Structure formats: C-alpha cells, structure tokens
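Colleague: A single structure is presented below for examination.
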Ligand SMILES: Nc1ncnc2c1ncn2[C@@H]1O[C@H](COP(=O)(O)OP(=O)(O)OP(=O)(O)O)[C@@H](O)[C@H]1O
Ligand SMILES: [Mg+2]
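Numbering (my numbering), first residue to last: 12 to 312.
In structure tokens, the structure reads:
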C-alpha cells in the first residue's frame with residue numbers, strides 16, 4: 012500500500028475536523044475524495060503531506076510515517092494544495108526550474124521541458140505566472156507537483172477553475188498518472204469522480220461515510236430497482252404483474268411500463284422471456300440507476 016491512513020483525527024477547539032478516518036490507497040489507483048464544503052478533505056490531505064500534525068492516528072506514505080519521517084514521505088509525494096500558491100512574479104520556466112532545484116534534480120532543463128509538454132504549458136511557458144489565466148496557473152501547480160516523479164500525488168481540487176476543454180485535458184492527465192502512481196484528488200464535482208476514479212471516498216463532517224467503487228455505491232444506495240420497458244403492443248397485464256420479484260407495476264404511457272423490484276433483483280431477463288413467450292416485440296428495455304449526485308446527497312445530507 013502506498014498510502015495508509017489509520018484512525019486519523021484532527022481537532023480544532025470543539026470540532027473534530029477529521030474524525031478517526033481510515034483508508035488505504037495503492038499504486039495504479041485513482042482515489043476520489045468527495046465531500047461537501049468543510050467535510051475535512053483539505054485537512055486530511057494536509058496531514059498526509061506533513062503540513063499539519065494529526066492529533067491522533069497514523070498516516071504512512073510508501074511505508075514512511077508522515078509524522079516521524081516527514082522528509083522521507085514528502086520526497087515521495089507531489090502535492091497540489093487547495094489554493095495553488097505560486098510565486099506570481101516568477102516566470103513559468105524559472106519557477107519550475109527553482110522547484111526542480113529544491114528537489115535537487117540532476118537534469119533540470121530536460122525535466123522542466125517534459126513537464127511543460129505534459130501539462131500543455133508550451134504556449135505559456137515564457138510568461139510570468141501572474142500573467143497566466145487561472146487554468147494555466149493550475150497547470151503550473153500540477154507540473155510543480157509532478158516534477159520529481161513522485162509515487163503519490165495528492166491533488167486538492169485540481170480542476171477548479173478550468174474551462175471544459177482544459178477540464179477534459181487535465182482529467183485525462185490524471186487518469187494517465189493513475190495508471191502507475193497513487194493519485195488522491197478532491198472535488199465537489201460528481202461527474203468528475205465518475206470520469207476519473209476507480210474508487211471514491213465520501214467524507215462528511217470529518218467521517219468517511221462511504222468507501223467503494225461508483226457502481227458499488229449506486230447499488231448500495233438503491234432502495235429499489237426499476238426497469239423501464241416498452242412493448243410493441245399491449246401485453247397481458249395480469250401475466251406481466253405476475254413476474255417473480257415484482258413489487259409494483261407502473262403504467263407510464265401507451266404500452267410502456269416501469270417495473271419495480273428490490274435492489275437485489277434484475278427483472279430484465281424475466282421481461283425478455285415474458286415478451287418472447289407472448290410473442291410481443293420489445294421496443295425498449297433498460298434498468299434505471301441512481302446517478303452519483305443522488306448517491307452523494309443521500310450520504311451527506
Ligand atoms: N486552522 C483551522 N482552525 C479552525 N478550524 C479549521 C481550521 N482549518 C480547518 N478548519 C475546519 O475544519 C473543517 C474541515 O475543513 P477542510 O478545509 O478540511 O474542509 P474541506 O472538506 O476541504 O472543504 P472544502 O470543500 O470547502 O474545501 C471545517 O469546518 C473548517 O472550518
Ligand atoms: Mg478543501
């Protein structure tokens with residue numbers, strides 16, 4: 012495991028900003044950190060990157076305890092902080108070379124060039140950071156995080172402020188990075204989690220309320236399973252209503268129905284057999300799934 016977090020807790024006065032959080036992340040995995048404002052995402056990330064000490068619990072990065080061996084763990088982390096602090100009066104290349112120097116990299120010129128290429132900064136590379144648009148500053152932040160080729164990337168809202176084209180590019184980049192590295196990124200955007208992540212951690216008021224794949228979450232949250240079907244002509248309704256596992260039959264329109272069952276059942280096969288048996292063609296057959304934002308609302312409200 013490249014990142015392990017065990018019972019991590021951060022207390023501010025009377026508030027448990029992070030409350031006994033535990034999770035693990037491995038290489039080749041993109042872990043989405045999802046939660047409403049104030050949930051504790053940034054605080055958790057600051058602890059993993061040794062910017063904040065935990066009040067309780069242990070976090071390790073590539074086997075190094077972030078409290079006891081912060082230099083060792085930080086060497087293996089690339090971090091894009093929430094507000095992406097940059098030196099605005101430095102030039103893009105100059106800044107990246109400066110960061111490369113801090114990491115004592117040998118091949119500074121080459122590595123800076125690679126990062127500029129990778130993050131699509133080519134056309135902006137000779138500008139002052141202060142003169143860049145927000146999206147391009149975000150790219151500089153990402154380039155900075157990846158310079159020393161770390162095993163673990165901690166990205167706090169990496170796509171905030173990006174236009175749709177940039178969004179697509181950066182998401183693709185994060186997915187690519189996630190093939191080899193461990194990527195933990197936070198976001199409020201459900202679609203983003205769906206587009207990028209293998210796994211999602213939903214955090215609410217300092218606690219983890221879900222740790223699962225997107226499909227797993229959708230299954231878990233479903234109180235019922237609904238299948239919509241349209242027949243070419245009116246089917247014998249009594250026979251349809253007699254399908255096993257069926258809880259409710261809703262008529263949606265001409266020859267269209269919604270069939271409700273428990274979340275464990277999938278009525279599609281039975282409907283298909285029914286149609287064949289009664290010699291009625293199927294024009295539509297699909298299972299409704301909960302969208303990820305509904306899952307999020309259910310878990311964090
Ligand atoms: N230095 C601090 N002093 C007091 N309270 C703090 C401090 N830093 C964070 N908190 C509180 O801890 C809680 C978690 O904050 P955190 O920044 O981790 O949330 P977040 O999930 O990143 O939210 P957002 O989505 O808005 O970025 C919040 O209620 C916040 O007010
Ligand atoms: Mg935050």
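Note that CB positions come from ideal geometry on N, CA and C, so glycine has one too. From a predicted model like this one, the values you see are computed outputs, not experimental measurements.
Quick one: measure Cβ to Cβ for residue 36 and residue 14, integer angstroms, because I've assumed they're closer than 8 Å.
Modeller: Residue numbering aside, residue 36 sits at position 25 when the chain shown is read from its first letter. Residue numbering aside, residue 14 sits at position 3 when the chain shown is read from its first letter. Their Cβ separation, rounded to whole angstroms, is 4 Å, which keeps residue 36 and residue 14 in contact under 8 Å.
Colleague: For ligand 2, list every residue whose C-beta falls under 7 Å from any of its heavy atoms, going in chain order.
Modeller: Per the Cβ criterion, the list is 52, 53, 93, 167, 168, 197.
Colleague: Is it true that the CB of residue 267 sits closer than 8 Å to the CB of residue 42?
Modeller: The residue you call residue 42 lines up with position 31 of the chain shown. The residue you call residue 267 lines up with position 256 of the chain shown. It is not a contact, given that the beta carbons lie outside the stated cut-off.
Colleague: Quick one: Cα of residue 252 to Cα of residue 279, how far?
Modeller: Stepping through the chain shown from its first residue, residue 252 is reached at position 241. Stepping through the chain shown from its first residue, residue 279 is reached at position 268. Taking the straight line joining both Cα atoms gives about 14 Å.
Colleague: Look at the alpha carbon of residue 273 and the alpha carbon of residue 260, and state the distance between them as a whole number of angstroms.
Modeller: For this step, residue 273 is matched to residue 262 along the chain shown. For this step, residue 260 is matched to residue 249 along the chain shown. Taking the straight line joining both Cα atoms gives about 13 Å.
Colleague: Looking at the structure shown, is residue 311 part of a helix, part of a strand, or coil, going by DSSP?
Modeller: In the chain shown, residue 311 corresponds to position 300, counting from 1. DSSP places residue 311 in helix when its eight states are reduced to three.
Colleague: How long is the line joining the alpha carbons of residue 169 and residue 295, rounded to whole angstroms?
Modeller: Within the chain shown, numbered from 1, the residue matching residue 169 stands at position 158. Within the chain shown, numbered from 1, the residue matching residue 295 stands at position 284. Near 40 Å, if we compare the C-alpha coordinates of residue 295 and residue 169.
Colleague: Quick one: grab the DSSP three-state call for residue 62.
Modeller: Here residue 62 refers to the residue found at position 51 of the chain shown. Coil, per DSSP.
Colleague: Might you give, ordered along the chain, the residues of its own chain that have their beta carbon closer than 7 Å to the beta carbon of residue 312, omitting 5 neighbours on each side?
Modeller: The sequence position of residue 312 within the chain shown is 301, counting from 1. Cβ neighbours of residue 312 beyond the five flanking positions: none.
Colleague: On a Cα-Cα basis, can you pick out the residue from 248, 73, 105, 128 that is closest to residue 150?
Modeller: Locating residue 150 in the chain shown gives position 139, counting from the first residue. It is 128.
Colleague: Give the C-beta separation of residue 72 and residue 58 to the nearest angstrom, bearing in mind that I take them to be a contact with Cβ-Cβ under 8 Å.
Modeller: By 1-based counting over the chain shown, the position of residue 72 is 61. By 1-based counting over the chain shown, the position of residue 58 is 47. Residue 72 to residue 58, Cβ: 11 Å. No contact.
Colleague: Below 7 Å, is the gap between the Cβ of residue 199 and the nearest heavy atom of ligand 1?
Modeller: For the purposes of this step, residue 199 is identified with residue 188 of the chain shown, where counting begins at 1. The answer is yes for residue 199.
Colleague: Applying the criterion that 16 or more other CB atoms from any shown protein chain within 10 Å of the CB defines a buried residue, is residue 16 buried or exposed?
Modeller: Locating residue 16 in the chain shown gives position 5, counting from the first residue. Buried is the call here.
Colleague: Please classify residue 241: does DSSP put it in a helix, a strand, or coil?
Modeller: Against the chain shown, residue 241 aligns to sequence position 230. Residue 241 falls in the strand class under three-state DSSP.
Colleague: In angstroms, rounded to a whole number, what distance separates the CA positions of residue 184 and residue 285?
Modeller: For the purposes of this step, residue 184 is taken as residue 173 along the chain shown, with counting starting at 1. For the purposes of this step, residue 285 is taken as residue 274 along the chain shown, with counting starting at 1. Whole-angstrom Cα-Cα distance: 47 Å.
Colleague: Taking buried to mean at least 16 other C-beta atoms within 10 Å of its own C-beta, is residue 98 buried or exposed?
Modeller: By 1-based counting over the chain shown, the position of residue 98 is 87. Classification of residue 98: exposed, given that the 10 Å Cβ count is below 16.
Colleague: So for residue 110, helix, strand or coil by DSSP?
Modeller: Along the chain shown, one-based indexing puts residue 110 at 99. Helix.
Colleague: Between the beta-carbon of residue 156 and the beta-carbon of residue 90, is there less than 8 Å?
Modeller: As a first step, residue 156 must be located in the chain shown, where it is residue number 145. As a first step, residue 90 must be located in the chain shown, where it is residue number 79. Yes, these two residues count as a Cβ contact at 8 Å.
Colleague: Nearer than 7 Å: is that true of the beta carbon of residue 28 relative to any heavy atom of ligand 1?
Modeller: Indexing the chain shown from 1 puts residue 28 at position 17. Yes, since a heavy atom of ligand 1 falls inside the 7 Å radius drawn around the Cβ of residue 28.
Colleague: Identify which residue in 77, 139, 182 has its Cα closest to the Cα of residue 206.
Modeller: If you number the chain shown from 1, residue 206 lands on position 195. Measuring from the Cα of residue 206, the nearest candidate turns out to be 182.
Colleague: Buried or exposed: residue 82, going by 16 or more other Cβ atoms within 10 Å of its Cβ?
Modeller: Numbered from its first residue, the chain shown carries residue 82 at position 71. So residue 82 counts as exposed.
Colleague: Taking residue 125 as part of the alpha helix (DSSP H), name the residues at either end of that continuous run.
Modeller: Working through the chain shown from its first residue, we reach residue 125 at position 114. That run of the alpha helix (DSSP H) goes 119-129.
Colleague: Assuming residue 162 and residue 87 are in contact, meaning their beta carbons sit under 8 Å apart, how far apart are those beta carbons, in whole angstroms?
Modeller: As a first step, residue 162 is located in the chain shown; it is residue number 151 there, counting from the start. As a first step, residue 87 is located in the chain shown; it is residue number 76 there, counting from the start. Sure, about 5 Å apart at Cβ, within 8 Å.
Colleague: With hydrogens ignored, establish whether the beta-carbon of residue 90 is closer than 7 Å to any heavy atom of ligand 1.
Modeller: As a working mapping, residue 90 is identified with position 79 in the chain shown. False, no ligand heavy atom lies under 7 Å from that Cβ.
Colleague: Check residue 203 in the structure and name its three-state DSSP category.
Modeller: The residue labelled residue 203 in the question sits at position 192 within the chain shown. Residue state, collapsed to three classes: helix.
Colleague: How is residue 46 classed by DSSP in three states: helix, strand or coil?
Modeller: One-based indexing of the chain shown puts residue 46 at position 35. Three-state DSSP puts residue 46 in coil, outside helix and strand.
Colleague: Does ligand 1 have a heavy atom nearer than 7 Å to the CB of residue 23?
Modeller: Here residue 23 is taken as the residue at index 12 of the chain shown, counted from 1. For ligand 1, at least one heavy atom lies less than 7 Å from the Cβ of residue 23.
Colleague: Near residue 108, which residues of its chain fall below 6 Å by C-beta distance, leaving aside the five closest residues on each side in sequence?
Modeller: In the chain shown, residue 108 corresponds to position 97, counting from 1. Within the same chain, residue 108 has close Cβ partners 119, 123.
Colleague: Quick one: which unbroken beta strand (DSSP E) runs of 3-plus residues sit fully inside the region 210-276? Chain order, please.
Modeller: Those beta strand (DSSP E) runs which fall completely within the region 210-276 and span 3+ residues are 210-215, 218-223, 236-242, 257-264, 267-272.
Colleague: For residue 130, which option in 115, 153, 114, 143 has the closest C-alpha, if you only look at C-alpha atoms?
Modeller: On the chain shown, residue 130 is found 119 positions in, with the first residue counted as 1. It is 153.
Colleague: Just tell me which of 146, 46, 262, 308 has its CA closest to the CA of residue 213.
Modeller: Position 202 of the chain shown holds residue 213. The shortest Cα separation from residue 213 among 146, 46, 262, 308 belongs to 46.
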